[in-house]
Every structure is written in C-alpha cells, then in structure tokens.
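To keep things clear, I will list the structure first and then write my remarks on it.
There are 2 protein chains.
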Amino acid sequence: MTPAAPDPAPDAPDASVPPVIRVALLGAGTVGSEVLRLIREHNGDLAHRIGARLEVVGVAVRDIGRDRGPHVDPALLTTDAEGLVTRADLVVEVMGGIEPARSLILSAMESGASVVTANKALLAQDGTSLYEAADRHGVDLSFEAAVAGAIPLIRPIRESLAGDRIQRVMGIVNGTTNFVLDAMTRTGAEQAEVVARAQELGYAEADPTADVEGYDAAAKASILASLAFHTRVGLGDVHREGITAVTSDDIAAARRMGRTIKLLSIVERIVDGQEERVSARVYPALIPDSHPLASVSEAYNAVFVEAEAAGSLMFYGQGAGGTPTASAVLGDVVGVARLRVNGGYGPRESHYAELPIAGIGDLRTQFYLALTVEDRPGVLADVAGCLSSHGISISTIHQQPLTDGEDQGERAVIGIATHRSREQSMTVALDELSARPAVLSIDSVLRLEGE
Amino acid sequence: MTPAAPDPAPDAPDASVPPVIRVALLGAGTVGSEVLRLIREHNGDLAHRIGARLEVVGVAVRDIGRDRGPHVDPALLTTDAEGLVTRADLVVEVMGGIEPARSLILSAMESGASVVTANKALLAQDGTSLYEAADRHGVDLSFEAAVAGAIPLIRPIRESLAGDRIQRVMGIVNGTTNFVLDAMTRTGAEQAEVVARAQELGYAEADPTADVEGYDAAAKASILASLAFHTRVGLGDVHREGITAVTSDDIAAARRMGRTIKLLSIVERIVDGQEERVSARVYPALIPDSHPLASVSEAYNAVFVEAEAAGSLMFYGQGAGGTPTASAVLGDVVGVARLRVNGGYGPRESHYAELPIAGIGDLRTQFYLALTVEDRPGVLADVAGCLSSHGISISTIHQQPLTDGEDQGERAVIGIATHRSREQSMTVALDELSARPAVLSIDSVLRLEGE
Numbered sequence: 001m002t003p004a005a006p007d008p009a010p011d012a013p014d015a016s017v018p019p020v021i022r023v024a025l026l027g028a029g030t031v032g033s034e035v036l037r038l039i040r041e042h043n044g045d046l047a048h049r050i051g052a053r054l055e056v057v058g059v060a061v062r063d064i065g066r067d068r069g070p071h072v073d074p075a076l077l078t079t080d081a082e083g084l085v086t087r088a089d090l091v092v093e094v095m096g097g098i099e100p101a102r103s104l105i106l107s108a109m110e111s112g113a114s115v116v117t118a119n120k121a122l123l124a125q126d127g128t129s130l131y132e133a134a135d136r137h138g139v140d141l142s143f144e145a146a147v148a149g150a151i152p153l154i155r156p157i158r159e160s161l162a163g164d165r166i167q168r169v170m171g172i173v174n175g176t177t178n179f180v181l182d183a184m185t186r187t188g189a190e191q192a193e194v195v196a197r198a199q200e201l202g203y204a205e206a207d208p209t210a211d212v213e214g215y216d217a218a219a220k221a222s223i224l225a226s227l228a229f230h231t232r233v234g235l236g237d238v239h240r241e242g243i244t245a246v247t248s249d250d251i252a253a254a255r256r257m258g259r260t261i262k263l264l265s266i267v268e269r270i271v272d273g274q275e276e277r278v279s280a281r282v283y284p285a286l287i288p289d290s291h292p293l294a295s296v297s298e299a300y301n302a303v304f305v306e307a308e309a310a311g312s313l314m315f316y317g318q319g320a321g322g323t324p325t326a327s328a329v330l331g332d333v334v335g336v337a338r339l340r341v342n343g344g345y346g347p348r349e350s351h352y353a354e355l356p357i358a359g360i361g362d363l364r365t366q367f368y369l370a371l372t373v374e375d376r377p378g379v380l381a382d383v384a385g386c387l388s389s390h391g392i393s394i395s396t397i398h399q400q401p402l403t404d405g406e407d408q409g410e411r412a413v414i415g416i417a418t419h420r421s422r423e424q425s426m427t428v429a430l431d432e433l434s435a436r437p438a439v440l441s442i443d444s445v446l447r448l449e450g451e
Numbered sequence: 001m002t003p004a005a006p007d008p009a010p011d012a013p014d015a016s017v018p019p020v021i022r023v024a025l026l027g028a029g030t031v032g033s034e035v036l037r038l039i040r041e042h043n044g045d046l047a048h049r050i051g052a053r054l055e056v057v058g059v060a061v062r063d064i065g066r067d068r069g070p071h072v073d074p075a076l077l078t079t080d081a082e083g084l085v086t087r088a089d090l091v092v093e094v095m096g097g098i099e100p101a102r103s104l105i106l107s108a109m110e111s112g113a114s115v116v117t118a119n120k121a122l123l124a125q126d127g128t129s130l131y132e133a134a135d136r137h138g139v140d141l142s143f144e145a146a147v148a149g150a151i152p153l154i155r156p157i158r159e160s161l162a163g164d165r166i167q168r169v170m171g172i173v174n175g176t177t178n179f180v181l182d183a184m185t186r187t188g189a190e191q192a193e194v195v196a197r198a199q200e201l202g203y204a205e206a207d208p209t210a211d212v213e214g215y216d217a218a219a220k221a222s223i224l225a226s227l228a229f230h231t232r233v234g235l236g237d238v239h240r241e242g243i244t245a246v247t248s249d250d251i252a253a254a255r256r257m258g259r260t261i262k263l264l265s266i267v268e269r270i271v272d273g274q275e276e277r278v279s280a281r282v283y284p285a286l287i288p289d290s291h292p293l294a295s296v297s298e299a300y301n302a303v304f305v306e307a308e309a310a311g312s313l314m315f316y317g318q319g320a321g322g323t324p325t326a327s328a329v330l331g332d333v334v335g336v337a338r339l340r341v342n343g344g345y346g347p348r349e350s351h352y353a354e355l356p357i358a359g360i361g362d363l364r365t366q367f368y369l370a371l372t373v374e375d376r377p378g379v380l381a382d383v384a385g386c387l388s389s390h391g392i393s394i395s396t397i398h399q400q401p402l403t404d405g406e407d408q409g410e411r412a413v414i415g416i417a418t419h420r421s422r423e424q425s426m427t428v429a430l431d432e433l434s435a436r437p438a439v440l441s442i443d444s445v446l447r448l449e450g451e
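Chains A and B are the protein sequences, given in the same order. Residue 451, in full-length UniProt numbering, is where the first sequence stops; the numbers in between run on with no holes. Residue 451, in full-length UniProt numbering, is where the second sequence stops; the numbers in between run on with no holes.
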C-alpha cells in the first residue's frame with residue numbers, strides 16, 4: 001500500500017471560530033511562571049504559529065496562598081491537579097519529582113491530553129511506560145526541556161539526524177557541576193568551599209546530591225542514549241561517578257597536563273566486529289584545554305554529537321534557568337499544539353534496535369591516577385611494572401616528593417596518565433597496587449577524554 | 001471550538017502490508033549519490049523510524065551514460081524527470097539551480113508528492129511561491145540541507161524556538177569563503193593565490209563567484225531571516241558584500257587588533273521604540289579572536305542564534321560536502337515520510353509578521369577603515385575631524401609611514417576603528433574624505449562585529 005497525500009487536516013482552524021488549545025500547567029515555580037509569562041506576552045505570535053490560541057485553563061500548585069509574582073494569575077491556581085488535567089488539551093508538567101507528576105501525566109493522557117514535560121528524572125525512570133501510554137491514547141509526549149535546557153538537542157537527535165547513524169553523544173549537561181569545576185579551576189579552591197558559594201548564588205540546591213553525585217547527568221544520559229540508539233537505556237544502565245572525589249590537587253595536576261576537568265555524560269555505540277552495544281556513562285574526565293568543551297564555563301551546557309554521515313556537530317547554550325528552560329518548554333507546546341490543529345502526531349519512542357548494554361568493565365578508556373607512595377628507589381618501577389603486567393601502558397608519569405606535612409621527604413606523589421586500557425584490567429591493577437605496602441594511598445582515579 | 005485528540009492516523013501502517021514510500025531523486029551528484037548510499041545502507045533502520053519502507057523509484061539525470069560510482073544503480077537512471085516526479089510520494093531535489101528544479105518541484109507537488117530540497121538559491125528566489133504550492137496541494141516542503149549542511153538549524157529555528165522570540169542570527173554559513181579567509185589568515189597569502197589552492201582542493205568551484213561575492217551566504221541569510229522573523233525576506237532585501245576586497249593587509253591589520261576576518265551572514269530584529277524592522281546582511285567583518293566564531297576554521301560552519309528567552313545558542317558542524325549534506329537531506333526525508341505515514345503535515349511557511357526591511361543605511365555598525373594619505377602634519381587630524389563632523393567617533397587610530405615603494409616617506413597608511421555609527425553617515429564621510437587631496441586612496445571599509 002502507498003499512503004496518499006494526507007487529507008486536509010480535520011481540525012484545521014475555521015476562519016470564523018478560531019480554535020483554542022486548553023493548556024493546564026502543573027507547577028508554578030521558576031520554570032512554570034516563566035512559561036506563563038511567555039504565553040501571555042507572545043500569545044498573539046503563538047496563535048499565528050500554531051493556528052490556534054492557547055488558553056491557560058489552570059495552574060496546579062500545592063499551596064494557593066503563596067505569592068508567585070506578577071506572571072501567575074491567582075485566579076488560575078488550583079490544588080485539584082487531578083481535576084485540572086481532565087479539562088485540558090495540553091498539559092505542561094513542570095513540577096518535577098516522580099509522584100504525583102507521573103500519575104498526573106498518565107491521567108492527562110488517559111483523558112486525551114498531550115503532554116509537555118521537563119522532568120528528566122521521571123523520563124529516565126519511567127520513560128517507557130509514559131511513551132507507551134502516549135501511544136495507547138494517541139497523544140504526544142514532548143520533553144526538549146528535559147535535557148540541556150534551552151539547547152535544541154532532543155529534536156535534532158530524534159528528527160534532524162533521523163536519517164543518519166549516531167555514534168556518540170558527549171557533553172556537559174549539568175550546569176551546577178560545571179559551575180563548581182569551573183570555579184575550582186579558576187580559583188584553586190576546594191570543592192566544599194565552591195559548592196557553598198554556588199548555593200549562595202542559586203547555582204546549587206540546598207541538597208546538591210542529585211547534581212554533584214551525577215544523578216542528574218545520568219538521567220540525561222539515559223534519555224539521550226535511548227533516543228540516539230533506539231534502545232531502552234534505563235538509569236541503572238548508566239555508569240555514574242559524580243565530582244565529589246575531585247580535589248584541588250586533581251585540578252592542579254590536570255592544569256600541569258594542559259587539561260581541564262569536566263563532568264561528562266557520554267553515550268556511545270560500541271562496535272566490536274559484528275556485535276554492537278551501547279555504553280552510557282557519567283564521570284569527571286580530564287579533557288585537553290584545546291577541546292571546545294574545555295572552554296564551556298559557569299553553568300553553560302555544550303554537547304557534541306557524532307554521526308556517521310553528519311560528522312561532528314556541537315550544540316551550545318544555557319542548560320538551566322527558568323527562562324531558557326521555559327523557551328524549550330514553549331517550543332514543545334507550539335509543536336504539540338500544531339499537531340492538535342493539523343492532525344497527525346509526532347515521532348513515537350522507538351526502541352527497535354534494543355542493543356545490549358556494555359558494562360563499564362568492557363570499555364577501553366584512558367586513565368589518570370594519583371598515588372601517594374613511599375619515597376624510595378624502586379617504588380615507581382614497581383608501580384609501572386604492576387600496571388604493565390595487566391596490559392596497561394603508561395603515556396606520561398610524574399613523581400614529586402611531598403614537601404609539606406610532618407613526614408615530608410618520606411613520601412612522594414605519583415601522577416600517571418595511561419593509554420587506552422580495559423577498565424576491568426585497571427580495577428584489578430588498582431586492587432594489587434593498594435595491597436603494596438609501598439603504596440600508601442590511591443588518591444585519584446579519573447579518565448582522560450577528548451583526544 | 002476545541003480540537004479533540006487526533007484520530008488514529010488514517011495512513012497508519014497495516015501490519016500485514018508494510019507501507020512503501022516511493023522516493024524520486026532529482027540529481028545524482030555528490031549529494032545525490034550519498035543520499036542513495038545512505039538509503040541503501042540504512043533502509044532497515046529507516047523503515048523502523050518511519051513506519052514504512054523507502055523505495056527509490058528513479059533518479060533523474062541529464063546524462064545517463066556517465067559513470068556515477070557504486071551507489072547509483074544505473075537501472076534507476078532516467079532523463080524523464082517530469083514523468084518520474086508523478087510516480088513518487090516524495091521527491092528529493094538535489095540537482096541545484098533554478099530551472100528545471102523549480103518546475104519539477106511544482107509538478108511533483110501538483111501530483112501530490114512532498115518535496116525535500118537542498119536548493120538555497122531556488123528557495124531564496126522563489127521560496128514563497130513554492131511554500132504556497134505546498135500549501136495548496138497539502139504536501140510538505142523541507143529544506144534543512146539548504147542552510148549550513150549537516151548542522152540542524154532550520155528545524156531548531158522553525159520548531160524548537162517556535163515559542164520564543166528570535167532577535168538575531170549571526171554565523172558563518174559559507175564554507176568556501178571561510179576556507180579562503182582562514183588560509184589567508186594562517187599563511188598571509190593574497191586571496192587569488194588561496195582561491196586557486198581552494199579550487200585544486202575542491203573547496204571552491206571553477207567559477208567561485210557565487211561564494212566569494214557572497215551570493216550563497218545572502219541566499220542563506222534570506223532563508224534564515226524569513227523563518228526567524230515570520231517575514232518574507234527576498235534575496236534583494238539582503239545587503240551583500242563579498243570577500244573579494246579583503247587583502248592580506250586587512251588580515252594583518254585585523255591581527256594587530258586581536259581580530260579575525262570572517263564572512264558573516266547576519267539577520268536581525270531591529271527594535272526602535274514601537275517600530276520593528278528586519279535587517280539581513282552579508283559582509284566580511286573583523287571579530288575578536290576570543291569570539292567563538294573566530295576559531296571556526298577551514299570549511300566549517302557555525303551559527304549563533306539569540307532569542308529573548310533561550311539566550312545565546314551556538315550550532316557548529318560541517319556546512320558542506322556530499323555526505324554531511326546527505327545526512328540533512330535524509331533527516332528531512334524521514335520527517336516527511338513519517339508525516340505520510342502518520343497523517344498531518346509539518347509547519348507551513350508563516351509570514352504573518354511582515355516586518356518592514358531596514359535598509360543598510362539605517363543601521364548603526366562599527367567600522368574599520370584603511371586610508372593611504374600624504375605623510376605630512378595635519379592630515380590625520382583632518383581625517384579625524386571629517387569623521388567626527390558626521391557624528392562618527394573613533395575608538396582606535398593607527399598611522400604608519402609606507403616603508404616600501406618608490407615614494408616611501410611621502411605616504412602613510414591610517415587604520416581607524418570607529419564606535420557604532422550610522423552607515424549613512426559613513427557613506428557621506430567617505431565621499432568627503434575621498435575628495436580630500438591629502439587622501440590618496442580609501443583602501444578598505446570593513447565592519448567590526450561580535451563585541
């Protein structure tokens with residue numbers, strides 16, 4: 001069968017009665033209030049672009065009493081979120097968290113509403129069931145704002161590169177950790193001090209765990225990997241290391257090596273003969289100062305996408321903040337609303353490939369190691385020998401005696417950069433090294449990326 | 001009226017009979033043959049992503065005899081393009097040029113086929129009539145590949161930023177001129193020499209006029225301005241200056257100022273009180289070495305998009321070449337084919353804003369001037385006086401005597417950078433200066449951008 005040209009859309013706007021898209025907002029925080037402001041300020045433009053007028057029918061919040069600034073009309077506030085979603089054609093979920101967001105999105109879809117969400121944690125955990133619900137109810141689910149804020153990334157990966165074969169996505173997708181690492185690099189300060197400052201400035205939450213431990217970056221990696229490789233990649237499939245272990249000594253060592261430490265989210269198609277697997281991982285890595293990602297400062301995000309035909313693409317912009325995130329949300333709102341007017345639906349989740357997930361142990365990466373050892377002849381040779389006995393070859397090695405502390409002169413610090421080695425071999429080698437009496441401590445195990 | 005959830009798409013694939021999308025290709029050059037290769041190599045993947053199989057029903061070429069490499073099946077070749085387009089659901093136009101491309105696209109649409117094209121010249125000249133034809137016949141017209149090759153730019157501007165308000169798009173969208181300026185900067189060579197080398201390497205056409213005179217960049221600017229500002233901006237609305245006047249002296253002067261010369265396409269929303277206008281222009285400009293566009297080397301493209309809510313976004317990648325361009329074409333093919341399967345249609349051209357076009361004379365820009373003058377007291381003061389009499393204030397000025405040529409010692413070169421000034425005032429001032437006997441020649445008039 002050959003599909004004919006689509007019929008003129010059944011819902012095409014009737015000149016006499018301009019159609020209306022009823023929008024319900026779940027949450028009125030920094031993003032939600034900006035979404036309301038943009039809808040109010042641009043509704044004339046938006047109506048032209050959509051072919052219908054957006055009408056905000058309600059804003060669900062937990063506490064109606066709280067003042068939410070000039071952009072949130074108190075008359076629209078309601079605590080009855082369940083009731084609200086059944087009165088909308090389009091539900092915008094910007095409340096965050098797993099519940100009640102998840103249940104509300106599902107009941108919205110059940111009652112025929114399309115959904116726009118910025119909720120990466122929810123998508124990473126329950127994406128598949130949400131996509132399936134959207135499919136079942138013939139509605140759309142869009143989430144550009146869930147990854148890299150205002151930066152168009154989901155759409156380019158899902159649509160612009162839909163005719164290509166994505167090999168790798170590598171980027172800085174968490175603004176808080178980038179702010180922290182950037183400040184540590186610029187000032188030489190320790191992490192605790194910088195995190196405290198980031199909290200004062202509003203760049204870090206009171207409880208920074210989700211950011212500094214890499215949970216947020218891992219959620220985004222799972223979303224990106226699922227889209228890029230048409231494979232379900234859950235949060236549990238993402239190898240995650242946060243930045244809490246990164247010290248000012250590591251930053252200084254990176255500087256000496258002409259490198260900068262960044263928290264990277266990397267999703268990759270690993271081709272090994274006929275076999276293909278997907279690797280998804282988040283860890284702090286030393287990248288060359290000349291690498292474009294090295295110059296991404298403060299809370300900015302930047303993402304590299306490597307595809308077979310397109311080659312390397314880079315996307316850069318503001319990855320967080322109420323207004324930039326609201327821009328991405330509203331782009332989705334217009335897109336989904338257009339589908340309501342024009343008929344049809346957007347790309348569905350596709351996981352036809354279902355590639356197996358590669359464990360971190362199977363990867364070949366480059367390492368940076370920092371060890372504190374007894375400062376006596378033979379120790380360095382012994383360390384090097386141990387690594388090579390596990391097939392790990394050293395690219396650079398740097399030893400210097402500890403010049404401070406009570407036992408100065410008795411201890412030295414060794415910094416080692418390796419060539420590509422199997423993660424598993426490194427794990428074993430590190431166990432052996434830590435058992436050596438001459439090895440007093442293994443201070444850092446970081447990766448090198450961006451060669 | 002409130003549109004209901006879209007009905008299950010009428011053209012949804014029937015499990016028993018997988019649908020087929022008949023694809024006709026117009027042109028089998030570097031892009032066309034790569035499109036054919038990618039369709040053949042990825043058709044399994046593409047079928048999953050589209051929900052239908054792509055079947056190439058023919059490839060229209062002028063000369064069937066010519067060998068077109070391994071990816072073009074000779075059995076598919078035909079010289080009957082007119083007949084071919086009536087047998088397709090989707091026509092991919094990669095032949096370039098105005099005619100017969102234009103007529104073929106129109107007959108394809110008439111017979112109900114959607115069209116994917118990479119033809120920026122045609123879109124810049126006849127875009128409006130093509131959009132209207134697509135509308136009239138209820139088919140889609142996609143053209144991601146027409147601007148910045150593999151870089152997703154059309155879709156982000158049209159869709160991702162559809163809820164935002166774009167203020168400015170500024171970028172390097174012509175690879176040939178960037179290759180030439182980059183080589184001049186690295187080697188200090190004169191332009192003619194570098195262009196010849198670019199031609200050997202295939203970075204420049206035998207007749208480089210379209211690139212070096214800025215016609216290609218202007219066509220892209222008109223497409224970007226039309227999309228970004230929902231206003232019809234024709235080729236004639238774009239102020240165009242090519243790079244032919246850029247000399248090695250200009251490059252050297254830029255270097256001294258810590259700047260790099262790039263050919264920029266700039267489209268901008270000029271807000272003047274209540275009045276809004278659109279400016280679209282292409283010219284070589286001196287940008288600070290620290291500006292991200294300054295480090296865009298060889299034939300790469302990079303584009304900045306500034307939007308009210310999203311802030312600054314940057315897109316970077318390969319702007320030309322058969323394979324990258326084919327990636328963008330195929331992304332559109334998948335998108336248009338999906339609409340065939342799912343029903344509905346993509347965003348139409350919208351020019352509801354119809355903002356007036358700002359003439360170049362009304363703009364306020366910063367200038368770099370190079371003048372050759374008589375080397376005697378008072379001349380520099382006279383030049384500065386003339387500029388200030390037209391409200392043009394100087395930010396830096398640099399005079400050096402000419403140390404070569406027969407009349408050395410008698411002549412000097414003055415390099416001047418100005419603050420923002422009205423283009424019109426500069427035009428008048430330059431007329432006056434050229435009339436001064438002490439001003440022997442006006443060697444360069446370039447802009448400064450990227451402050």
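From the three backbone atoms N, C-alpha and C, an ideal C-beta is built for every residue, glycine too. As the structure is a prediction and not an experimental result, all values here were calculated from the model.
### Query
Which residues, taken in chain order from the region 304-325 of chain B, show a beta carbon closer than 7 angstroms to some beta carbon of chain A?
ALA307, ALA309, ALA310, GLY311, SER312, LEU313, MET314, PHE315, TYR316, GLY317, GLN318, THR323, PRO324
### Query
Just the Cα atoms here: how many angstroms apart are B:ILE120 and B:LEU36?
For the sequence presented, residue 120 of chain B should be read as Lys rather than Ile. About 21 angstroms.
### Task
Give a yes or no on contact between the region 351-366 of chain A and the region 275-290 of chain A, applying the rule of three or more CB pairs nearer than 8 angstroms.
yes
### Query
Among residues of its own chain, excluding the 5 on either side of B:HIS334, which ones have a beta-carbon nearer than 7 angstroms to its beta-carbon?
It should be noted that the sequence gives Val, not His, for residue 334 of chain B. Only LEU46, ARG49, ILE50 meet the Cβ criterion.
### Contacts that B:ASN342 makes with chain E (C-beta to C-beta distance below 7 angstroms)
Of the chains in the structure shown, none is chain E; the protein chains are A and B.
### Task
Kindly list the residues whose CB is nearer than 6 angstroms to the CB of A:VAL91, restricted to its own chain and excluding five residues on each side of it in sequence; keep chain order.
ALA24, VAL85, ALA108, ALA113, VAL115
### Task
Count the other CB atoms, across all protein chains shown, that sit within 10 Å of the CB of B:THR185; report buried if there are 16 or more and exposed otherwise.
buried
### Query
Alpha carbon to alpha carbon, what distance is there between B:ASP250 and B:ASP382?
23 angstroms
### Task
Identify every residue that forms a DSSP beta bridge with A:GLU275.
A:ASP272
### Task
Check the Cβ-Cβ distances between residue 452 of chain B and every residue of chain A, and say whether any is below 7 angstroms.
With chain B covering only 1 through 451, there is no way to say anything about residue 452 of chain B.
### Task
Go ahead and label B:ALA310 buried or exposed: buried means 16 or more other beta carbons lie within 10 angstroms of its beta carbon, across all protein chains shown.
buried
### Terminal residues of the beta strand (DSSP E) in which B:PRO324 lies
Element bounds for B:PRO324: not the beta strand (DSSP E) but the alpha helix (DSSP H), 322-342.
### Query
Based on the DSSP output, what are the partners of B:ARG240 in its beta bridges?
B:VAL282
### Message
Looking at the secondary structure, which residues open and close the beta strand (DSSP E) in which A:HIS42 lies?
### Response
Taken as a continuous stretch (DSSP letters only), A:HIS42 belongs to no beta strand (DSSP E), being part of the alpha helix (DSSP H) at 30-50.
### Task
Taking only the alpha-carbon atoms, compute the straight-line gap between B:THR209 and A:ALA326 and give it to the nearest angstrom.
43 angstroms
### Message
Only counting the same chain, and skipping five residues up and downstream in sequence, which positions put a Cβ closer than 8 angstroms to that of B:ALA299?
### Response
GLY175, THR176, ASN178, PHE179, TYR203, GLN318, GLY319, ALA320, GLY321
### Task
Identify the continuous alpha helix (DSSP H) that holds A:LEU227 and give its terminal residues.
215-229
### Query
Mind listing which residues of the region 146-157 of chain B have their C-beta closer than 7 angstroms to chain A's C-betas, in chain order?
ALA150, ILE151, PRO152, ARG155, PRO156
### Task
Kindly say whether A:SER160, judged by its beta-carbon, lies nearer than 7 angstroms to any beta-carbon of chain B.
yes
### 9 angstroms Cβ cut-off: residues of chain B touching A:TYR283
Ordered by position in chain B, no residue passes the 9 angstroms Cβ test against A:TYR283, which lies about 24 angstroms from the chain.
### Query
Apart from the five residues just before and just after A:LEU224, which ones in its own chain have a Cβ nearer than 6 angstroms to its Cβ?
VAL169, VAL267
### Task
Give the interface partners of B:TYR352 over in chain A, defined as CB-CB distance under 7 angstroms, in chain order.
HIS48
### Task
May I ask you to list the residues that DSSP assigns as paired with A:VAL303?
A:GLY171, A:PHE315
### Task
Identify the contact partners of A:VAL333 in chain B, using a Cβ-Cβ distance below 9 angstroms as the criterion.
ALA162, GLY163
### Query
To the nearest angstrom, how far is it from the Cα of A:ALA206 to the Cα of A:VAL296?
24 angstroms
### Query
In chain order, which continuous runs of the beta strand (DSSP E) of length 3 or greater are located wholly inside the UniProt domain "ACT" (368-447) of chain A?
394-401, 411-418
### Task
Under 8 angstroms Cβ to Cβ from A:ALA252, same chain only, skipping five residues before and after it: list those, please.
GLY188
### Message
Can you check which of these residues, A:ALA196, A:GLN167, A:ALA146, A:HIS390, is closest to A:ALA218 by C-alpha distance?
### Response
A:ALA146
### Query
Using DSSP with H/G/I as helix, E/B as strand and the rest coil, what is A:ILE98?
coil
### Query
Helix, strand or coil: which one does DSSP assign to A:ALA24?
strand
#### Entry: chain B contact for A:LEU130 (CB, 7 angstroms cutoff)
no
### Task
Below 8 angstroms on the Cβ atoms is my guess for B:PRO324 versus B:GLY149; work out the distance and round it to an integer in Å.
5 angstroms
### Message
With distance defined between alpha-carbon atoms, name the residue in B:ALA228, B:PHE229, B:ASP216 nearest to B:LEU235.
### Response
B:ASP216
### Message
Closer than 8 angstroms is the cut-off here; do at least three beta carbon pairs connect the region 226-233 of chain A with the region 256-264 of chain A?
### Response
no
### Task
Consult DSSP for A:PRO292 and reduce its assignment to one of helix, strand or coil.
helix
### Task
Say whether the region 390-402 of chain A touches the region 422-431 of chain A, bearing in mind that this needs 3 or more beta-carbon pairs closer than 8 angstroms, one atom from each stretch.
yes
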